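A.B. asks: Following this message is one structure expressed as structure tokens.
Quick look at the structure:
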């Protein structure tokens, strides 16, 4: 019978990159698309994204953000107004030059992000301070051409949300930028169970056109960092270029202040590389498409009755009975590969004692539980499960966090215990460029809550005032 | 103060097309985008689409449909395999030819629809009859270049859902095609309150590559028809071209059977042209972003207390208190333009008698209601409101439905009482082409539940076995 045999997954410690690909494909999250750099989200992969969307969307709406949809295509002339923005994106932009056989008069770019379209709209829309703020968000596809493909991490087309807000004063815009960072950070820590460090990007790493970029940074199991979400404060950079002015309450014209912020399907990559293991995915319960999987050892009426009752009793969860005609062993493997947090096995021998077997995906611990204890057991288990996978990721990060005072020390750490390295840093673009050339790594963030002591830059030895995390990153 | 004055809406009977544009722009549903043919969905317009999505998505999931996301771009070589499909879309396809400065080796089309991408995936995925059916859907953007722009009705980029399913037998595929039509039809009738006619498309009007196309057809207030949703049965057309085969339970290889189906943001156009009036939008309650709008006549503590309590009491609805500093009259106009079904005005004089004023958007009827009767009144009013707007649309359709036996009779009706015209029709492509040339109209559907009597074709006078609705259409 086809596909009853699951493919082998390369051990994580043997080849992390191959392990990642094996997990992604075997758990049927995605398939490669026909155009290089594109992926197809299969149902199981897309369902994770839908859960992410639902939870985040609610958080955005709570603070007054409204969803919109702006067009896919940006005229070349409009895009080219903002120079630092173009420089950042130009080489990656897919360009529409014709429709049918007809060559277009102006080239159209597939959006790599939508600041420019939003700015163009705001310019027409905003007249008075009373019109502000506007807090917009969209869930959409964007395109940034990539030479290599890694599902979720590096794809030419990806899905994300991009928030764009515009304000009549600087303080409110800055506050919003940081409020979003807080939403992202809470979401990563409490929903995805990925511990993140909140901080600010250096000049070298900040977003094209932004005054300040804030980030949540996570550390993957292999010690490489991953930027999990960013929030940008533009000041009035975009407003000046796109002429977005409002009349203040004294009737004078001022430039408006804007922000943008986004998380993408990269988060699914971060989930995988934070939590999963040699048996496949380990999904945080809050975004797992299936939270509890019931598997019947045999298909007798009695067993089916019990599992149906359990399904009803546990209907607060996304719960599923595997009704397929696959073998019992196959079903177990599949539930493991898919990273389903809790599995209930209903079998004839256990039922004789009024029991079922419940097991956790993370620790693989199995326990026999009386039928009337299933609900409380599952509830407790899911909580413990989420806490445990968070703790494992946190322990990994802590073991892999170190500090260095010189570039030599830093390079040594990269070779021995790859992870986050806190260094004194001058903050200059040229110096960071130099570090990048020497080590193929860059700064991750100037972390919040870490004392910014004076010292000598770890690379150029100039006076430094910053303490910055550097790391190899995805 | 800016925008306290709402723009005038052209009367519907004076100039339907201008009325439509005025309503769409004044209700702040959309704005035009910088690329011709594109629109920006503002928050209020997008919120209607989100409500449509939520309700339909649930219906799809109930029958086992799973959401996926396939790439935006289709390689030219892949698209060109299916000839009838190409012919249908080639002149409308936006084409990516370069990335940055680099010319691509192969042209890439922005998807006008995704049959080809799905087929390409199914070809690799499907091996055994046990793998089937696969029931996929995606909510996404597609592009079909248009020369003219009419928000929601004719735009180069639009949002939709496209379902794609593949089956191991013909009967199941056909049944699914019709099940989807039923979901669409119930959704139009019961949620959007738009009466629709279910039927099959003629050979001339069926979808590029399909064996059979089914449709729900609606009639707008001005007597023009609008296709509100379609469901296509492909037989094994696509499977043969893209080589999608499965092994049946006897181990023999067979071609699979496929379907596709979609509704788009056109539905918002249909809502507007079915229900709205000279004061602006009239939205069906189930998709209205705000169902109940509370407006305080003054901002005293007592009034604010009452409206806050009412908001809590009516929290089963999407309910909103207009807290802006706009004038009372302006707030009333705005609630009308936005088509909010029910409005509650809380004022000092009414409150002296323990009352508030409740009014309906459709009939503009206003009644004084005791505070303890508000909840039951609103519940009954929303039901009556939805029934009434359905009935008005149905009456309009019935008054505009006629029949003709000859092309002359048909042409006369088009000039006098534009609407749906049932005619005897031969069903031949050439004949329909001829009707189209003569009248700029085409067939809408071969309706279900209408007796298909023999006769002479209204145009070519050949023997006919079909009774078909013809109409001018959007």
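Residue numbers (my numbering), protein chains in the order written: chain A, 2 to 475; chain B, 2 to 475.
A virtual CB, placed ideally from N, CA and C, is assigned to each residue, including glycine.
Because the structure is a prediction, the values reported are computed rather than measured.
Who are the Cβ neighbours of residue 387(A) in its own chain at under 7 Å, not counting the five residues just before and after it?
C.D. replies: For residue 387(A), where only same-chain residues beyond five positions count, the Cβ hits under 7 Å are 194, 285, 286.
A.B. asks: Kindly list, in the order they appear in chain A, the residues whose Cβ is closer than 8 Å to that of residue 239(B).
C.D. replies: Going along chain A, no residue has its Cβ under 8 Å from residue 239(B), so there is no contact; the nearest lies around 15 Å.
A.B. asks: Report yes or no: do the stretch 152 to 168 of chain B and the stretch 257 to 276 of chain B share at least 3 C-beta pairs separated by less than 8 Å?
C.D. replies: Result yes; three or more Cβ-Cβ pairs closer than 8 Å.
A.B. asks: Please report how far the alpha carbon of residue 245(A) lies from the alpha carbon of residue 239(A), in whole angstroms.
C.D. replies: Whole-angstrom Cα-Cα distance: 8 Å.
A.B. asks: Quick check on DSSP: helix, strand or coil for residue 348(B)?
C.D. replies: In the structure shown, residue 348(B) sits in coil (DSSP, three-state: anything other than H, G, I, E or B).
A.B. asks: Does the stretch 309 to 326 of chain B come into contact with the stretch 58 to 67 of chain B, if we say contact requires no fewer than three beta-carbon pairs (one atom in each stretch) closer than 8 Å?
C.D. replies: No, the stretch 309 to 326 of chain B is not in contact with the stretch 58 to 67 of chain B.
A.B. asks: Name the residue from 95(B), 172(B), 224(B), 18(B) whose alpha carbon lies nearest to the alpha carbon of residue 144(B).
C.D. replies: The residue with the shortest Cα to Cα distance from residue 144(B) is 95(B).
A.B. asks: Just reading off the beta strand (DSSP E) that residue 138(B) is part of, what are its end residues?
C.D. replies: Start and end: 135 to 144.
A.B. asks: Would residue 381(A) be called buried (16 or more neighbouring beta carbons within 10 Å of its own) or exposed?
C.D. replies: So residue 381(A) ends up on the exposed side.
A.B. asks: Under 6 Å Cβ to Cβ from residue 16(A), same chain only, skipping five residues before and after it: list those, please.
C.D. replies: Counting only Cβ-Cβ distances below 6 Å, and skipping sequence neighbours, we find nothing.
A.B. asks: Could you check whether residue 298(A) and residue 329(A) sit closer than 7 Å to each other, using their CB atoms as the reference points?
C.D. replies: Closer than 7 Å, so yes.
A.B. asks: When burial is assigned at 16 or more other CB atoms within 10 Å of the CB, is residue 273(A) buried or exposed?
C.D. replies: Buried.
A.B. asks: Between the alpha carbons of residue 336(B) and residue 345(B), how many angstroms are there, rounded?
C.D. replies: Rounded to the nearest angstrom, the two C-alpha atoms are 10 Å apart.
A.B. asks: Who are the near neighbours of residue 2(A) in its chain, counting only those whose CB is closer than 7 Å to its CB and skipping five residues on each side?
C.D. replies: Low local confidence applies: a pLDDT of 33 at residue 2(A) is under 50, so the model's placement there is unreliable, and no value is given.
A.B. asks: By how many angstroms is the C-alpha of residue 133(B) removed from the C-alpha of residue 475(B)?
C.D. replies: The alpha-carbon atoms of residue 475(B) and residue 133(B) are separated by roughly 37 Å.
A.B. asks: Taking buried to mean at least 16 other C-beta atoms within 10 Å of its own C-beta, is residue 443(A) buried or exposed?
C.D. replies: Residue 443(A) should be labelled buried.
A.B. asks: Is it buried or exposed for residue 439(B), if we count other Cβ within 10 angstroms and need 16 for buried?
C.D. replies: By the 10 Å Cβ count, residue 439(B) comes out exposed.
A.B. asks: Could you tell me whether any non-hydrogen atom of the ligand MG is closer than 6 Å to the CB of residue 176(B)?
C.D. replies: Of ligands this structure carries none, so the ligand MG is not represented either.
A.B. asks: Strictly below 8 Å CB to CB, what residues from chain A border residue 146(B)?
C.D. replies: The answer, in chain order, is 100, 101.
A.B. asks: Residue 153(A) by DSSP, collapsed to three states: which one?
C.D. replies: Note: residue 153(A) maps to coil in three-state DSSP.
A.B. asks: With DSSP as the reference, label residue 4(B) as helix, strand or coil.
C.D. replies: Per-residue confidence for residue 4(B) stands at a pLDDT of 43, beneath the threshold of 50, marking its modelled position as unreliable; no derived number is given.
A.B. asks: Got a sec: is the Cβ-Cβ distance from residue 67(B) to anything in chain A below 7 Å?
C.D. replies: With 7 Å as the cut-off, residue 67(B) counts as an interface residue toward chain A.
A.B. asks: Less than 7 Å separating the beta-carbons of residue 220(A) and residue 468(A)?
C.D. replies: Result no, Cβ atoms of residue 220(A) and residue 468(A) do not sit closer than 7 Å.
A.B. asks: Hey, is the stretch 92 to 106 of chain B in contact with the stretch 175 to 187 of chain A, meaning 3+ C-beta pairs nearer than 8 Å?
C.D. replies: Taking 8 Å as the limit for Cβ pairs, the verdict is that the stretch 175 to 187 of chain A does not touch the stretch 92 to 106 of chain B.
A.B. asks: Comparing C-alpha positions only, which one of 451(B), 235(B), 217(B) sits nearest to residue 265(B)?
C.D. replies: Among 451(B), 235(B), 217(B), the Cα nearest to that of residue 265(B) is on 217(B).
A.B. asks: Quick one: grab the DSSP three-state call for residue 241(A).
C.D. replies: Residue state, collapsed to three classes: helix.
A.B. asks: Suppose you measure from the CA of residue 135(A) to the CA of residue 233(A); what does that come to, to the nearest Å?
C.D. replies: Distance between the alpha carbons of residue 135(A) and residue 233(A): 16 Å.
A.B. asks: According to DSSP, is residue 17(A) part of a helix, a strand, or is it coil?
C.D. replies: It is helical.
A.B. asks: Answer yes or no: does any C-beta atom of chain B fall closer than 7 Å to that of residue 41(A)?
C.D. replies: With 7 Å as the cut-off, residue 41(A) counts as an interface residue toward chain B.
A.B. asks: Kindly list the residues whose CB is nearer than 6 Å to the CB of residue 226(B), restricted to its own chain and excluding five residues on each side of it in sequence; keep chain order.
C.D. replies: So the qualifying residues of the chain are 218, 220, 445, 472, 474.
A.B. asks: At which residue ranges does the stretch 389 to 440 of chain A contain complete alpha helix (DSSP H) runs of 4 or more residues, listed in the order of the chain?
C.D. replies: With a minimum length of 4 residues, the continuous alpha helix (DSSP H) runs that stay inside the stretch 389 to 440 of chain A are 408 to 417, 430 to 440.
A.B. asks: What is the rounded straight-line gap between the Cα of residue 9(A) and the Cα of residue 48(B)?
C.D. replies: Those two C-alpha atoms are separated by around 45 Å.
A.B. asks: On the DSSP letters alone, give me the boundaries of the beta strand (DSSP E) that residue 10(B) sits inside.
C.D. replies: Note, residue 10(B): premise wrong, no beta strand (DSSP E); not H, not E.
A.B. asks: Per DSSP, which residues does residue 161(A) bridge with? Please list them.
C.D. replies: Per DSSP, 141(A), 265(A).
A.B. asks: Going by C-alpha distance, which of 404(B), 462(B), 390(B), 153(B) is nearest residue 341(B)?
C.D. replies: Nearest option by C-alpha distance: 390(B).
A.B. asks: So, using beta-carbon positions, are residue 370(B) and residue 383(B) closer together than 7 Å?
C.D. replies: Contact: no.
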